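Numbering (my numbering), first residue to last: 1 to 179.
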């Protein structure tokens with residue numbers, strides 16, 4: 001057993017409890033309280049772990065207080081992301097979603113292109129982001145380059161055409177969609 005080593009960081013029982021509190025704030029729609037709790041936790045000497053960071057990224061991405069503004073939220077999400085010791089696909093998707101949710105699709109594309117691995121959610125976030133900013137051709141480019149598509153991918157692309165008032169292409173794509 002003496003030669004056995006583990007590079008993983010296991011959360012402390014105390015931090016696990018704080019993560020639950022932060023997550024509950026987030027799930028209750030109170031992103032600001034989630035971030036405030038995180039700051040308070042740091043001030044009393046606890047440090048975030050790999051379970052904390054995805055929750056914080058979501059909170060920063062959803063932080064939409066009019067007095068703060070979406071640019072500050074994305075900047076906060078980026079700071080959290082940069083501090084993460086290990087970035088898994090969930091973390092990458094969270095920062096990708098923060099950019100897409102605020103319409104910063106050029107930044108989202110930079111993140112997307114730099115991701116070491118992508119999953120279906122990565123592609124779907126990009127399609128939805130482009131769709132919501134009226135960039136149907138960009139959404140279609142992402143869609144066409146997907147190796148695998150799920151129902152969310154198909155519906156997001158169809159919705160992009162509908163939002164762009166291109167009913168003919170929406171209907172054509174609907175007919176192409178596998179049953």
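For each residue, glycine too, the CB sits at the ideal point set by N, CA and C.
Predicted model, so just to flag it, every value in this text is computed and none were measured.
I believe residue i touches residue j by the beta-carbon criterion, under 8 Å. Please report the beta-carbon distance rounded to the nearest angstrom.
| i | j | result |
| --- | --- | --- |
| residue 123 | residue 157 | About 10 Å; that fails the 8 Å criterion. |
| residue 53 | residue 15 | That pair is no contact at about 12 Å. |
When the Cα atoms are used, what is the spatial distance from residue i to residue j?
| i | j | result |
| --- | --- | --- |
| residue 159 | residue 79 | 33 Å |
| residue 108 | residue 117 | 15 Å |
| residue 55 | residue 30 | 12 Å |
| residue 169 | residue 161 | 6 Å |
| residue 21 | residue 119 | 28 Å |
| residue 42 | residue 58 | 18 Å |
| residue 89 | residue 115 | 8 Å |
| residue 97 | residue 131 | 13 Å |
| residue 23 | residue 38 | 10 Å |
Beta-carbon separation of residue i and residue j under 8 Å?
| i | j | result |
| --- | --- | --- |
| residue 75 | residue 95 | no |
| residue 166 | residue 133 | no |
| residue 93 | residue 121 | yes |
| residue 25 | residue 33 | yes |
| residue 51 | residue 28 | no |
| residue 99 | residue 86 | no |
So, is residue i buried or exposed, given that buried needs 16 or more other C-beta atoms within 10 angstroms?
| i | result |
| --- | --- |
| residue 177 | exposed |
| residue 172 | exposed |
| residue 144 | exposed |
| residue 150 | exposed |
| residue 179 | exposed |
| residue 13 | exposed |
Runs of alpha helix (DSSP H) wholly within the segment 94-155 (minimum 4 residues, chain order): 105-114, 120-132, 136-144
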